[in-house]
Every structure is written in C-alpha cells, then in structure tokens.
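Residue numbers (my numbering), protein chains in the order written: chain S, 15 to 990; chain Z, 257 to 694.
Read the structure below first, then the notes.
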Amino acid sequence: MNRRTFLKTAGVGSVSVAAGCTSQPEKTIYALVQAPDDTVTGKALWYASTCRECPAGCGVLARSREGRVVKVEGNPLHPINQGRLCMRGQAALQAIYHPERLDTPQLKENGEWRALSWPAAEGLLQEKTRAAAGAGAGRVRVLTEVIGESLTALFGEALDQWQSPPPLVFEPFAYEALKTANRMAFGVDGLVSYHLDQADLLVCLGADFLETWLSPVEYARQFKAMHALQANRKGFFAHIAPCQSLTAANADLWLACHPASEGAVALGLIRKALESGRGQSLPAPLRVSLTTASAPYTPEKVAHLADIPADAFDRLAARLLAAKAPLVLGTATAGSGAADVAANLAANLLNRVLDPELTRIDFAHRHRVETAAPRAEVLDFFKRLSPDTTDVLLLNNVNPVFALPGAGIAEGLGQPGLFVVSTSNFMDETTLLADLVLPVRMPLEGWDEYGGKRALISGLQPAMGSLTAAPGLGDVILRAAFGADPPFPDYQGYLQARLSAQGIVDGERQWVEFLQRGGRFDLPAAPARAPLPAEVPIAFEPVPVAAASLVLVAAPSIRFFDGRGANRPWLCEIPDPLTKVAWQTPLLAHPDTLASHALRHADVVAVRSAHGTLEAPVYETVGVRPGVLAMAIGQGHSAYGRYAQDEGVNPLGLLPPEADAVSGGPVFAAGDVLLTPTGRQMPLAHTDGSRIQHGRKIALTTPLQAAAHDDAHPPKAGLTMADFPLTLPLPEGYDPKRDAYPPHDHADYRWSMVVDLDRCIGCGACSAACYAENNIGVVGAQRILEGREMAWLRIERYLDPQDERKVIFLPMMCQHCDNAPCEAVCPVYAPHHSKEGLNNQIYNRCIGTRFCSQNCPYKVRRFNWFTWQWPRPLNLQLNPDVTARSKGVMEKCSFCIQRIKAAHGTAKNENRGIRDGEIQPACLQTCPTGALSFGNLMDSQSRVRQMVMDRRAYQVMGYLNTKPAVIYLRKVVQEI
Amino acid sequence: MSELTYATIDQTILQTLEKPRPGYWLIVAVLAGGILLGAACWLYQIFVGIGVGGQNNPVAWGIYLVNFVFWVGIAHSGTLISAILHLFRAGWRNPIARAAETMTVFAVLTAGLFPFVHLGRVWAVYYMLPYPNQRTLWPNFQSPLMFDVVAISTYLTVSSLFWYTGMLPDLATVRDRATGLRKKIFTLISLGWTGKHEQWRHYTRGYLFFAALATPLVISVHSVVSWDFALGVVPGWHTTIFAPYFVAGAIHSGLAMVLTLMIPLRRIFNYEKIITVAVLENVAKTIILTGMIVGFAYATEFFIAWYSFNTIEIEVFRYRMFGDYRVGFWIMVVCNTLIPLLFFSKKIRTSIGWLFGLSLLINVGMWFERFVIIITSVARDFIPHAWGLYAPTAIEFGIMIGSFCLFFFLFLLFVKHLPSVSMAEIKETLHEGAPHAG
C-alpha cells in the first residue's frame, strides 16, 4: 500500500469513526487505535504544503494524526514565512472541517438545490463546456482567484480546447495603484518585494504590511528585524495615514494625515531631499520633473494639506535624510484611487531619490498577486457578461457578489442561458447564484503548486484523507477539457511532468525532496533588473483642503482578509487587535466626530453614502482622524454559513463601484458620508475591560536612551509596585524576610517564557495557534458579551492615557507562578505545581469552585460555563494530545505541556536532556516576529536565562510576590 | 412578667401547637412551591452548566456565595443569643432563645446548600473529603474552602445538638399533654425525660457546656468564612479586618432577622406577655452596637485604602462608592450604619412597626454588603484588561428564592410542631430576684 492509499484509508477510517459518534464527539477524538502499517497510532505525520488563505503563499507543515490534519504550522524551510504563520493560516483548518462545507455537488433546478453525484456533476460540466466550445469561440470563461503557474497553465490549455481566452484572475485586493506606480517609476509591470530588514528607517504611507499587505508574515518578520532593539539600536518607523491600523499602532510616529494627502507628504519629503542635495545621480529629465512637481510642496503647504503638525514633518524629513538605509512604502492594501496612485508613485520616486540603486527593493522576487487583473477589467468583464457571448462561466474560489456590491454582479450571474459553475465548498453569496456547484478539494487535501513570489515554487500535497469525495480542481479541468483522452491521468501527473519539464524537479528523488521540503526555493532568479526609467510622467493634483464632509474608509481586516475568513469561528472569536471587538463590525469614529453628531460610544448609527447605507455601532477612538470613519472589510455576509451570515456589517456597499481611471483599481473610501443616529444602542462584544492601565505595572515601556545606556543608579529594591525587584521563580528569587514558604524543589527543568514587548506587534497569531493546539471552545458573540471567552492567551491592548494614540500590546497567558495564588486556594489540588515548575490544571480533579480564578491576579483562568460544542466535522480538528474539557472545569494555558511531554519522550529515547529551544509551545512556534521565547531557567546557558538578565526584564504585577515564570521585556519607545 | 404563672406559660406556648388554620397550610404550600422552584433551577444548572447564571470572567463568584455568607451570618446571631447571652446570664434573652437557636440551625442548613449549588461539578464534591483512595490524594487543607467545610459542619453539629438538648424538657412537657401519634413521636424524641432533679442538673450542666462550646464558634465560624475572601489576594478582600468585620456584620444581620421572625411570631401566637417589647428593645439596642461596629469597619477600610497610597486599593474603594455598583454600596451604608442609629430613639425602638420595618431594611443592607464585597472587588482587580461586570440571572434568583423559601418553610413547620419558646427557661426567669434553693 503506498502512502497515498494509506492516507485515503486512514482518512476515511477516522472520518467514519468520528461520524459514528452521537452527542459528544469529543469523547472519541482518538481514532484508529489499530493503525495501518507504516504509521504508529499517536505519532503525527507532518506534510509540507502551502497556505492558500491569501496570495502571500506561506509554506506550511500540516500535522496529520491518524489521517486527518489537526494543526497547521509554518514551514521553517520556506523563505517567505520561515516557519511562522498568521492567524488566517492557523484557521485554514476550520474551512476544511466546516460544518457547512458542501459534501455533494449541487444543481439548481427551478430555484431549488438538488444534490448530484460527483460523476454526474463532472459529466454535466463536460457536456456544457463541450457544447459551448462547439457553439463558437470564447464561450467558456473562467474567473479565478490567484492560482499557481501550473494550474494557470492547465486552465490555459483547457480554455484553448474550448477556444476561449485565458482565465481572468480576480482578487478584491489587486494593488492596482501600486502596480501603476511601479510601472511608472520603475518600469516594472508588477509588484516588487522589499527588504524591510535591511532598512534603518521605514516610512510608510499607509501600507498595512503587518496585516494584509502583500506578504504580512514575511514583512512582519522583516520589520521586527529592523525595528526591535538590537545592540542598543532600533530602526525607526513612521506611518502616515488617516487611520491607525495595526501597522500604524506599531509605528514610532503616526501622522494622522488627511485622507488622500499621503502623496502630498511624500512630495514634501522629495522636495526636502532634493533641496538637501540628494538625487544627483538620478537621470536629469527625472530630476528636473521631480523638482518641478515637488516645488509647491513646502513644509507649510504639506502641513496644511495633510493637516499634520509642521514640526513633526520637519523632524521626519531630517531623520529621513540622516538615515543610512531608508525605505519608503506606499499606501494600504485597500486603496487604489487616484490619490493612491499619486502616493505610491511619490513613494517610489522618493525611494529613487534617497537610494538610486534601490538596494532594498527586490525586483527578482515579485509577489504573485501581481497576476490579479485590475478591478476595471473585472468590472468590464461582468458588464459584458451575457448569454449571447458566453455559455459557461466557471468561478473558482471567488466571491464577487460580496466584494463588488453595486456592480450588478448578481444580475449578471442570474441571466438565463448563462450556465454558472462554482467550485466553492461553501454556499457564499456568489455560489448561491450559480447553476452548478462542483466543490473541489481544499488546499490541504490535494495536489498543486503555488509560488508566492517569483524564483520559488511551493508545493501542495494531500496531507489528510479527503473529507468529502470531492475531486481536485486540476483533475476536474483535465477531465472536462480532455474527456476520454487526457494527456495525463490526473493533475498530479500533470504537475509532476510540468515541473520536470521546467527542470525544477529532475527524477523521483528530487520529486520526493520537493514534497518533503515543501517546494524549491532556490530557482534561478530573473537576470538583473532592467534600467529604471529616465523620465517619469508626474502629474499630481493638489489635495483639496478638507471639506466638512465625512469620509468612510474601508480597510481589510487581519482576521477576515477580503471576507473569506468570516466563516471561520476562530477568526470571528479572536477580537480585532485594536478595538478588541469580536464577532461585530463597529464603525470607528473620533470623539470630535461623535460629539458633533451628538453620538456616544456604542450608539447605533446609520451611515449613508451616495452608493448605499448601513447601520453599525460606533466605537469611539482617537485611532482615526476627526472627520474620518473607519470600518473593517470582511463581515456582513448574507450567506456563507452560520458563523458568517448576518454577523457584522459590510462597508463595501457604500464605496463607489467604479474603478479609478488611472489605476483601474477601486477606491476604498467614500466621501460626503452622512451619519444619522438611530436612537438605538448595541452592546459591543469587546474583550477588554479597560483601555488603559490605570497606573499599574503591566505593560511597561522604556525610552531608547535608557535602554541603550547603563543605569547609573539602579532603583533600590523595595516592596511597592514600583520598586519590587525581579524575583525569578527559582530559589534565588526567595528571600526569607519576604517569603513565608521555602522555594520549590524543581527537578532538572524550570520552564519559563520570556515575552519581548518590543517585538510583539499584537497580530494575534499566537492566540489562534493556541485555540488550534489546545481544543479551546469558541463561545460566540453573546457569550463574549457575558464575559465568557475562552482564550488561554490573549493580547491585551493598552493605550497611553496621556496620548491614546500610543498603543502597547501585551500577550497575557498563565504566568506559571512559583508562588501561585491559585494553588493555595483550591480545595482539591486541581491546580498543581509540577516538579518542573508548571502550574498544571488537572481537569479530572477540578470540581469547579472557581476560587482559583478569583484568586488569580492575572485573570488568565477560564472556566467552562457550558460544554462547548464542535459541530461536526469541526471536532475532527481537535488535537488528540489534549483533553477536551467538559462543563464545570477550569482550564488555562499549560505551556503546551503535551509538547513538553513529547520532548521528554524523545530526549529519553535518545538518552539525553532536552535541548534549549527544542520545545516550542504553539504560540511561540507561530509568532511571526519571534516575540516569545521558552526554555529552562535552571540551565544557565539557555536563551531565556540570558534574556531575564536583560535590564528591560520585569514581571507583571511582580510586587504581589507571585514570582511569575513569564518574564516580560519592556517595549523600547523612541520619539522622532 | 408578674402576671405569668407556670400554668399560663405552658398554656400560651402549648396552644401554638394546636391544629393550624387553613391559611397556615396555604403559606406552607407556597413556600414548598418556592423550594421546588429552587430545586428545579438547580437541576437545570447541573444539567446545562454554571453558565445559566451570570458569573463570568472576572466575576466567577456570584450571588450563590453572597447568599452563603448571608445565611451563615444570620445563623451566628442565634448562637449569640442562645449561647453567649446565656453565659452572661442575660435573662431577657430567654423568651427568644429557642427561636433564635432554631433560626441558627435552619440558617446553617440553608447556607450549607450554597457551596454545593455554586460548584461546577457538584457530582465530584466528595473529592473534598479525605477518603482513602488509590492515588493517595488528599484534599488541600491550606484552602479556605476546606476550612469552611470543617467550620460549617462543626457549627451545624454543635448548633443542632445544642438546640435539641435544650429542647428536651419542653419536648417532655408536650409529650405529657399530647395524645395519639403526637404522643408517640414526642415520647421518642424527649428521650425519657422525667424531670427528676438529677436530670435537671445534667441538663443545666450540659446546656452550659454547649453554650460554652458554641460561643467560640460564633467568632470562629464567620471568621473562617471571611477568610474565604481575606486569604485571597484580591484587593478589597485581602485585609485583616475581615474576621471581626464579618462577625460583627453577621451578628448585626442575625439580630435583625430575629426581629423579623419574632415580631410576627409574637403577634400570631399571642406571645406578647412573654416576648415583651422590652426584649425586642434589648435586641434593638444590641443592633445599635453591631451597626456601629460595622460602620467603623467600613470607615477603617476606606481610611486604610486612602492611607495606603496603593493605587489598586484606592481604585477598588473608589469603584465601590462611585462605580457601576454604587447603588448597592449606598444601600449597604445607609441600611447598615445609618438606619440602626434610629434605634437611639426610644419611641422607635419600642414601636413594633418600626422595629419590623427597620429589621427588614437592615437585612437588605447586609445582603448588599456581601454583594458589594464579593462582586465589586473582583469586577475590578489587578489587570484592567480583564475588568468586567456581573448581573445575576433568573436561575440564580430562582435558587435564591428557593433558599429563602426553604428557611421559612422549615421555620414555619417548626413553630407549629415544636415549642417555639423555651418554657423551661421562661419559668426560670419568673424566679429571678426571688430567693431559690440550690
């Protein structure tokens, strides 16, 4: 039996076991006690694949237990994400195991859905496409998300068979303005990538590179490589945008500029740079036109147009010119209007002025999302869509009805005579309008390849048995186009042959290596870039001075991306990083805006633009400019399953439906917006009890100067909150004058975690990984309102009460205190101090008095108020190494004790101790910036032991003498 | 008192054991219905989960614990009256001692339900007992909840025995007058009391020893209950004043409950000559004292919070006064410290209507005191991100109503089936001042 057959059997086996259970599926999450040959029950198999939750294309390792994947982690060998994964990647599993995932094809007859068999559905598709091909040229059209080269090639060949044009690639976020600017300024028709880690100064005109922009996991890592404190130095990051995205919240300087004025700011910086003599090596025509175009943008004019403090702008310019390796990034993912083209162009040109060689811009490894068609093309496609010219429209994993409201997509799809086929696994808004739904295998179930950047190729392989009998998309296309005599028996063969032909994989051995490693990352890059254009047509329109009208800005969400993540319960449950609101979509507004409309926080307002209306609760924050309203994109679905339908609000309907003339891209902002109170209130399901720290020693910062220099007079140790010393959870942290009880007698290990607040960006990936690894229940909006969210690890977000635009993020999990208040008060020893220093919560022993959670000063303990449900087949995602808890039992972070135990087992088998860094709790494993470290405090050579010696080290609420084993390093702040 | 004779005492009290009016059974039925409601709510909670209440993170303890402390507190006053005042030879307590001790027993019983009700996995509660098991697991005696188990069970045992032993002569009196089934039952439970001199000697000696045994329990049991909170690290709980503060508060609320029970009792059973206004007046005077102690405790807490300069402590107390639960706080302060000062007026403390009304208010205030202490401290403790609010739900109220119904149900059954005033002790007081032998 080869491995593939085993996987199929194992998958079917475990599925049938889980499907056979009745009311409490979690009781038998351990399947296949008698495993087939080739596997050991209880031992995971790891398969390399690629994440397809966004076009970035991070490499993943899928942990497969008894034939089903229970966890997805980053592939350490993959150059894009280097072993890390964002929360969307972690939540990909919930799509595969979604309770509303279609398990049979569906055919619409007389407005009703009828289940169809797989052969019948494929036969129908063949029949329709053949008929269309026979009826003329161009009658079969394909609209698809960004796909890899091989699948694109296959589509091309199939469409050739059908005498139709190549597929149209549709992504709601297609970076049209950035592509236009790259074309104009660099002569590159695509999306270059960047080396943020090589910069010492980063200026960003809105690009949310920590959230959704191009390749967030990669850029988060690179960002912190330049921005975190190293050798007493820090890179500087300035963000210029009307709204404080998560990226802006991590900036050292956020200039809340007027919407559409980012270009003016960049031009002002260009003017300063040219004035100070930079740009001499630029081609003369370019230098001249730059000087002319930037001349009007004096600092006073910039300050006026953008409504930013003039001195801040001056200091930024000075800093920019003093930097040795500056890098300027363009505007946000969701921004492609004329102003964005101007801003992106100005950013590109500023880069050319400051660094004519463009050393920090990578032209060889362009981002694959550049293959997405401009919005204008897609809109034009739908405008022309008619049964006269098209018979069959195949939609592959796109949701234009949601993403393009107001463009008449629904009407277009509903035209009689047009046969719409969707390959989606979910009944989303678009698929509801299809005629035939032919679900295909999801990324972890099938074969494919995807190169998120050029010069690398990332493979996808089946990592689990197929949950439904769905065929792979490639197989469907092969059979549909080539019918009885396909050139390859299946898509796997096609793929292998293609990779072989391209010289990427040469022979069986290399193929296996390709699959094991997750791809080939060392493909020859394109030759040196073409020379940069010597002349750039620059035509900037001055930004009109702020009118009194309100502007609504729609921003992609780190949780939902373009809306596809809205049906994953984890993504809904983990709150927005800045508002800490879960499940709902609030409208962010400045206190001045609210005051002028007689509104208060949590009032429900009606928002009206020229194109649509919506109702949403307001969220009062200084994280938007006065006069700007912000709302996240991604929720407000009218279909798409129980977790997405009727949850939240969709702002897309208020945006102008047309595409910008210059870039061909959409504008993600609407002007002249009207706000009307409705008189109603809506309680917001926010997980934060307070936005500020109230003078407590929780999330601390230190200025760069202090961190860089030794303290001449270290503070004298005392007993108050301010001067209580760092008391390590080791015998050395005990002082008989202060501690009534002697220290614990730990064995060889005392586990500890160090959290570097200077590296934490608040993205929440750790929280998602924890949900996935530890079978944590999702409770829903109502329960969050009641205060019952189950997150073991939460990111606390605190604002500086003196200036609420300054944000700090603090990951808070069980501190595994040496002097734990919870251990003393449980009547039955359910929180038990292990000999390795962990505070173990013993579920079977807990009788639910909840004194432990009352006594925990950190409030990290979570009680199971009910028995949380995992609607089948979500229960298949449960990790068999971790108990699923019933109601009445307390739970909390365990430092992933299952991983610690596994490491002990391995070390024992190999007759050695556990090596430093061998254990990676789930949170730490996925953190894109490496903010978390874990290790043995009793090992003087361990990383955590060195890190706790850092002068930035402190313990949250340390003065309570709990001796936490989670040590925090202060965030280092710098002013411009 | 001089109009009373042995005969009139017996007659007045034994009359109460006659066949009750239909109205009595109606009230008992309603109370039984309330108990069933509470039981149904509890069963529902067991099957569905504690989540049917309003508890959450951070406020994981709700009104179940409030009710627990409330009922335990009420119990203490009964023991104060029947045990401590007996040791002090305060004869004025004799008319109310029996009912007060009964109140204690039933209040402890009612209170004892709540630790079970609030457990997440009540079917595993036996883990708290040190029974021999294969894994050699012991319960954690360092936990205040284990102290509670010991304290409450001790208190229940001692109080029940004290109550029963004290009743023996009266049970014999009833036996002597009873007929039929009642005679058989009372023969059994009066344990062969014949009234011989030896038996009286043992009785008074035993009663004295029980009183001496129960006296320290008045202080210790509620101190232990207060340590459920004081031994926690939560700001607003973690303070050494809790033991005396809670004991004083317990006696305060218990005395008020004594008034609430005695006033209708004496009216319905025509006990006016036995439980005179002077007795009630003495209770009211004691309430002034306990109210002032409680007020002093509040003032101390606030003063120390201010004096400490500890930002967290200051915030907790500021939150109590002006935060989300300020209504409960001000009810607490007014009802517990200001209202009892009205008893300084002789007119008020001798007026039955005022006594009854104010006693109800004091108990409302004492309930809110436990609510304020338990809920507000945890709602805002150390980590502002974790702050949250709590509001009880219908299920919690249902169980609370069930507990009140249980207490009054038991009390109502008691007053019609057992002598609610201690005949023997009243007869004792008749001889006060007169020379007597031995």
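Glycine included, C-beta positions come from ideal geometry on N, C-alpha and C.
These numbers were taken from a predicted model, which means no experiment stands behind them.
Item: Cβ separation of S/Leu192 and S/Pro181, assumed to be a contact under 8 Å, to the nearest whole Å; Value: That belief does not hold up - the Cβ atoms of S/Leu192 and S/Pro181 are roughly 22 Å apart, past 8 Å.
Item: Unbroken alpha helix (DSSP H) run spanning S/Asn923, endpoints; Value: 911–923
Item: Selection from S/Arg886, S/Asn975, S/Thr53 that minimises the alpha carbon distance to S/Glu114; Value: S/Arg886
Item: Exposed unless 16 or more other CB atoms sit within 10 angstroms - verdict on S/Pro978; Value: buried
Item: Where the region 962–985 of chain S meets chain C: residues whose CB sits under 7 Å from a CB there; Value: Within the model displayed, chain C is absent; protein chains S and Z are what it includes.
Item: Residues near S/Gln38 in its chain [Cβ-Cβ closer than 7 Å; skip 5 each side]; Value: Low confidence applies to S/Gln38: its pLDDT is 46, below 50, so where it sits in the model is not reliable, and the reading given next is rough at best. Excluding positions up to five away in sequence, the list is empty.
Item: Residue-chain proximity (Z/Asn312, chain S), Cβ-Cβ < 8 Å; Value: yes
Item: Residue(s) in a DSSP beta bridge with S/Gly137; Value: According to DSSP, which records beta bridges pairwise, S/Gly137 is partnered with nothing at all.
Item: is_contact[S/Gly791, chain Z] using C-beta, thresh 8 Å; Value: no
Item: S/Ala105 at chain Z interface by Cβ criterion, 8 Å; Value: no
Item: Within chain S, the residues that Z/Arg255 reaches when beta carbons sit closer than 9 Å; Value: Nothing about residue 255 of chain Z can be reported from this structure: the residues present for chain Z run from 257 to 694 only.
Item: Own chain partners of S/Phe554 with C-beta closer than 7 Å, once the 5 adjacent residues on each side are dropped; Value: Gly277, Leu281, Ala307, Ala356
Item: Chain Z contact for S/Ser781 (CB, 8 Å cutoff); Value: no
Item: Reduced DSSP category for S/Gln659 - H, G, I as helix; E, B as strand; rest coil; Value: strand
Item: Any chain Z beta carbon closer than 8 Å to S/Asp702; Value: yes
Item: Residues from the region 303–334 of chain S in contact with chain Z, defined by Cβ distance under 7 Å; Value: none
Item: Residue(s) in a DSSP beta bridge with S/Arg380; Value: In DSSP, S/Arg380 forms no bridge with anything.
Item: Short CB-CB distance (under 8 Å) between Z/Pro640 and chain S; Value: yes
Item: Those runs of the alpha helix (DSSP H) which lie wholly inside the region 529–585 of chain Z and span at least 4 residues; Value: 533–564, 567–578
Item: Beta-carbon gap between S/Leu592 and S/Gly637 smaller than 8 Å; Value: yes
Item: Amino acids of chain S, ordered along the chain, whose beta-carbon sits closer than 8 Å to that of Z/Thr567; Value: His708, Gly709, Arg710, Met735
Item: Cutoff 8 Å: S/Phe877 Cβ touching any chain Z Cβ; Value: yes
Item: Euclidean distance between Cα positions of Z/Ile618 and Z/Thr429; Value: 37 Å
Item: Residues that S/Tyr843 contacts on chain Z, provided the C-beta gap is smaller than 8 Å; Value: Leu393, Trp394, Pro395, Asn396
Item: S/Asp321 and S/Cys257 closer than 8 Å at C-beta; Value: no
Item: Below-8 Å beta-carbon distance, S/Gly801 vs any chain Z residue; Value: yes
Item: Local conformation of S/His112 per DSSP, three classes; Value: coil
Item: Residues of the region 552–583 of chain Z with Cβ closer than 9 Å to any Cβ of chain S, in chain order; Value: Phe565, Asn566, Thr567, Ile568, Glu571
Item: Partner residues on chain S for Z/Tyr383, Cβ-Cβ distance less than 7 Å; Value: Val842, Arg859, Ile861
Item: Cross-strand partners of Z/His508 (DSSP beta bridge); Value: DSSP output for Z/His508 lists no bridge partner at all.
Item: Host beta strand (DSSP E) of S/Phe250 (start-end); Value: 250–254
Item: Length of the line joining the Cα atoms of S/Gly972 and S/Asn789; Value: 30 Å
Item: Distance CB(S/Leu666)-CB(S/Ala387) smaller than 8 Å; Value: no
Item: Alpha helix (DSSP H) segments (min. 4 residues) lying fully within the region 258–286 of chain Z; Value: 262–271
Item: Host beta strand (DSSP E) of S/Thr627 (start-end); Value: 627–634
Item: Residues of its chain near Z/Phe442, where Cβ-Cβ distance is below 7 Å and the 5 sequence neighbours each way are ignored; Value: Leu427, Val430, Arg431, Ala434
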